[in-house]
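Peer 1: Here the sequence shown stands for residues 8 to 331, numbered as in the working numbering.
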Amino acid sequence: MSQAQPGGSGAATAAPVTQHIWWSGKLMPWNEATVHVTSVGWPALSAVFEGIRAYWNPERQALYIFRMDAHLARFWRSMRFMQLHPRWSARELTDATADLLRTDNLRGDVYLQPMAFALGGNRGNQPMAAQDAEIYIHARPAKSQLNTHKPVTTCVSSWTRIHENVLPPKIKAIVNYQNSRLGGTEASRGGYDMALFLNERGKVAEGGGSCIFMIRDGQVITPPITAGILESVTRYSVIELAQRELGLTVIEREIDRTEMYFADEAFFCGTMAEITPVASVDGFELGGGESPGPVSRQLSELFERVVRGQVPAYRHWLEEVTLG
Ligand code: PMP
8 MSQAQPGGSG AATAAPVTQH IWWSGKLMPW NEATVHVTSV GWPALSAVFE GIRAYWNPER
68 QALYIFRMDA HLARFWRSMR FMQLHPRWSA RELTDATADL LRTDNLRGDV YLQPMAFALG
128 GNRGNQPMAA QDAEIYIHAR PAKSQLNTHK PVTTCVSSWT RIHENVLPPK IKAIVNYQNS
188 RLGGTEASRG GYDMALFLNE RGKVAEGGGS CIFMIRDGQV ITPPITAGIL ESVTRYSVIE
248 LAQRELGLTV IEREIDRTEM YFADEAFFCG TMAEITPVAS VDGFELGGGE SPGPVSRQLS
308 ELFERVVRGQ VPAYRHWLEE VTLG
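1) For the beta strand (DSSP E) holding Ala146, just list the boundary residues, first then last.
2) Measure from the alpha carbon of Ala140 to the alpha carbon of each residue in Leu174, Leu189 and Ala123, then state which is nearest.
3) Please determine whether the Cβ atom of Ser151 lies at a distance below 6 Å from any heavy atom of ligand 1.
4) Is the distance from the Cβ of Thr278 to the Cβ of Gly115 below 7 Å?
5) In chain order, what residues of the same chain have a beta carbon less than 6 Å from the beta carbon of Arg312, not counting five sequence neighbours either side?
6) Excluding the 5 residues preceding and the 5 following Pro93 in the sequence, name in chain order all residues of the same chain whose CB lies nearer than 6 Å to its CB.
7) Pick out whichever of Arg98, Thr25 and Thr241 has its Cα sitting closest to the Cα of Arg74.
8) Where does Ile28 fall in DSSP's three states?
9) Does the distance from the CB of Tyr118 to the CB of Gly316 come in under 7 Å?
10) Run through DSSP, which three-state label would Val328 get?
11) Looking at the unbroken alpha helix (DSSP H) that takes in Val44, where does it start and where does it end?
12) Verify the contact flag: Glu213, CB atom, against every heavy atom of ligand 1, threshold strictly below 6 Å.
13) Might you give, ordered along the chain, the residues of its own chain that have their beta carbon closer than 8 Å to the beta carbon of Gln26, omitting 5 neighbours on each side?
14) Can you check which of these residues, Arg251, Ile232, Pro284 and Glu252, is closest to Ile334 by C-alpha distance?
15) When the Cα atoms are used, what is the spatial distance from Gly177 to His170?
16) In angstroms with no decimal places, state the Cα-to-Cα distance between Arg264 and Val328.
17) If you drop the 5 nearest sequence neighbours on each side, which residues of the same chain put their C-beta closer than 6 Å to that of Ala202?
18) Are the region 95-109 and the region 150-158 in contact at 8 Å, needing three or more beta carbon pairs?
19) What are the boundary residues of the beta strand (DSSP E) that Trp83 is part of?
20) Please name the residue in Trp166, Ala234, Pro134 and Asp224 whose C-alpha comes closest to that of Pro175.
21) Of all the alpha helix (DSSP H) runs that stay within the bounds of the region 248-300, which reach a length of 4 or more residues?
22) Please determine whether the Cβ atom of Thr241 lies at a distance below 6 Å from any heavy atom of ligand 1.
23) Within this structure, are the beta carbons of Arg46 and Leu126 separated by less than 7 Å?
24) Alpha carbon to alpha carbon, what distance is there between Gln226 and Trp29?
25) I want to check one thing, is the minimum distance from the CB of Cys162 to the heavy atoms of ligand 1 below 6 Å?
26) Just to confirm, does Leu237 get its C-beta within under 6 Å of one of the non-hydrogen atoms of ligand 1?
27) In angstroms, rounded to a whole number, what distance separates the CA positions of Leu255 and Ala320?
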């Protein structure tokens, strides 16, 4: 096993996945974006990030960034909570992202990760104080699995989802993901693909990095935003598409654990997860073993057409970056 050398370059521990990274105002080669070793650790306490997808459209030789505005609005809320002061506008970050995609000529589906953190004055367990944010934006190829994703098995985690009075689930704070990792680790040790978390009231909350929907008797049901979940951009998009385009009834309400066992269909949704069909919950097979079920399939097909720019009514959800 290779070991990081003391005094070695910070880049040694992070293999370049793309050639460039945007960091606090400029595009630079991946290996040049380094910080002092004492910046590793405590600054992560206030670090917040976004996960955004861009979908390749071969006809237009363009990438479509999905709902950049909604992601950046949440990024701003996350920074505000952590008292991080962004020194760039949402427009500047969008333009920076477009520059990065063009410079690295990423001709395929991409995952984008803007990250904000503070470098100075955070060397321990101190009260939060306003600080300027450093921001980096990193892009890596991530082929969409929409309509091809293998259905996943899930189990209810013995770890409770963080709630408002523990850590704020509505923001994308790095610290929240320790809770996600505990559930994910437990699930994989038990032979399941993904964890499903209950909240402090014992009701279904979300996955470790995705929201959850179930379908019962043709109704599309998902926990409300007060269930201890991230306000997922994908979740809002799915709700809108299901109601407006497919004429389905969508209900936001509390869900009991055993309701998941008897659901006709279920899927996780999120930027990385996209629409991931659920095959079983705690060993209870959904929909008589047919996964994805018909409603999940219909939603995924529509979602894919929307994200690839094939549905004019939803073009305003997409930021086009032409690669020429
Ligand atoms: N919940 C959690 C905990 C997440 O990390 C994510 C991924 N961002 C989601 C839900 C889905 O959110 P979105 O659709 O905005 O990616």
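The beta-carbon is built from N, C-alpha and C at its ideal position, and this holds for glycine as well.
Peer 2: Taking the definition as stated:
1) Counting from 1 along the sequence shown, the entry for residue 146 is found at position 139. Glu141 to Pro148 is the extent of the beta strand (DSSP E) around Ala146.
2) As a position in the sequence shown, residue 140 is number 133, starting the count at 1. The residue with the shortest Cα to Cα distance from Ala140 is Ala123.
3) Taking the sequence shown and counting its residues from 1, the one referred to as residue 151 is at position 144. Taken from the Cβ of Ser151, every heavy atom of ligand 1 lies 6 Å or farther away.
4) Residue 278 sits at position 271 when you count from the first residue of the sequence shown. Residue 115 sits at position 108 when you count from the first residue of the sequence shown. No; because the gap between Cβ atoms is not below 7 Å, this pair is not in contact.
5) Counted from its first residue, the sequence shown places residue 312 at position 305. For Arg312, where only same-chain residues beyond five positions count, the Cβ hits under 6 Å are Val318.
6) Working through the sequence shown from its first residue, we reach residue 93 at position 86. Same-chain partners within the cutoff: Met86 and Ala140.
7) Start at 1 with the first residue of the sequence shown, and residue 74 comes out as number 67. Nearest Cα to Arg74 within the set Arg98, Thr25 and Thr241: Thr241.
8) As a working note, residue 28 is residue 21 in the sequence shown. Strand at Ile28.
9) The residue you call residue 118 lines up with position 111 of the sequence shown. The residue you call residue 316 lines up with position 309 of the sequence shown. No, Cβ-Cβ distance for Tyr118 and Gly316 is not below 7 Å.
10) The count along the sequence shown starts at 1 and reaches residue 328 at position 321. In this structure, Val328 counts as strand in the three-state DSSP scheme.
11) Your numbering for residue 44 matches position 37 in the sequence shown. In this chain, Val44 is not harboured by any alpha helix (DSSP H), its DSSP state being neither H nor E.
12) As a working note, residue 213 is residue 206 in the sequence shown. At least one heavy atom of ligand 1 falls within 6 Å of the beta-carbon of Glu213.
13) Residue mapping note: residue 26 aligns to position 19 of the sequence shown, counting from 1. The answer, listed in chain order, is Pro36, Trp37, Thr110 and Asp111.
14) Residue 334 lies beyond the residue range present for the chain, which begins at 8 and ends at 331; the question has no answer from this structure.
15) Within the sequence shown, residue 177 is the residue found at index 170, counting from 1. Within the sequence shown, residue 170 is the residue found at index 163, counting from 1. A small correction: the amino acid at residue 177 is Lys; Gly does not occupy that position in the sequence shown. When rounded, the distance between both Cα atoms is 9 Å.
16) In the sequence shown, the residue the question calls residue 264 occupies position 257. In the sequence shown, the residue the question calls residue 328 occupies position 321. One C-alpha to the other measures close to 42 Å.
17) In the sequence shown, the residue the question calls residue 202 occupies position 195. Within the same chain, Ala202 has close Cβ partners Ser164, Gly190, Gly191, Ala194 and Gly215.
18) With the cut-off at 8 Å, the region 95-109 and the region 150-158 do not touch.
19) Translated into the one-based positions of the sequence shown, residue 83 becomes position 76. Counting along the chain, Trp83 falls outside any beta strand (DSSP E), though it belongs to the alpha helix (DSSP H) covering Met75 to Phe88.
20) If you number the sequence shown from 1, residue 175 lands on position 168. Residue Ala234 is the option with its Cα nearest to Pro175.
21) If we require 4 residues or more, the alpha helix (DSSP H) runs fully inside the region 248-300 come out as 264-268.
22) Taking the first residue of the sequence shown as 1, we reach residue 241 at position 234. Look at Thr241: its beta carbon is less than 6 Å from one of the heavy atoms in ligand 1.
23) As a working mapping, residue 46 is identified with position 39 in the sequence shown. As a working mapping, residue 126 is identified with position 119 in the sequence shown. According to the sequence displayed, residue 46 carries Ser and not Arg. Result yes, Cβ atoms of Ser46 and Leu126 sit closer than 7 Å.
24) One-based indexing of the sequence shown puts residue 29 at position 22. One-based indexing of the sequence shown puts residue 226 at position 219. About 43 Å.
25) Translated into the one-based positions of the sequence shown, residue 162 becomes position 155. No, Cβ of Cys162 sits at least 6 Å from all heavy atoms of ligand 1.
26) The count along the sequence shown starts at 1 and reaches residue 237 at position 230. Checking the Cβ of Leu237 against ligand 1 gives yes.
27) Along the sequence shown, read from residue 1 onward, the residue named residue 255 stands at position 248. Along the sequence shown, read from residue 1 onward, the residue named residue 320 stands at position 313. When the Cα atoms are used, Leu255 and Ala320 turn out to be separated by approximately 18 Å.
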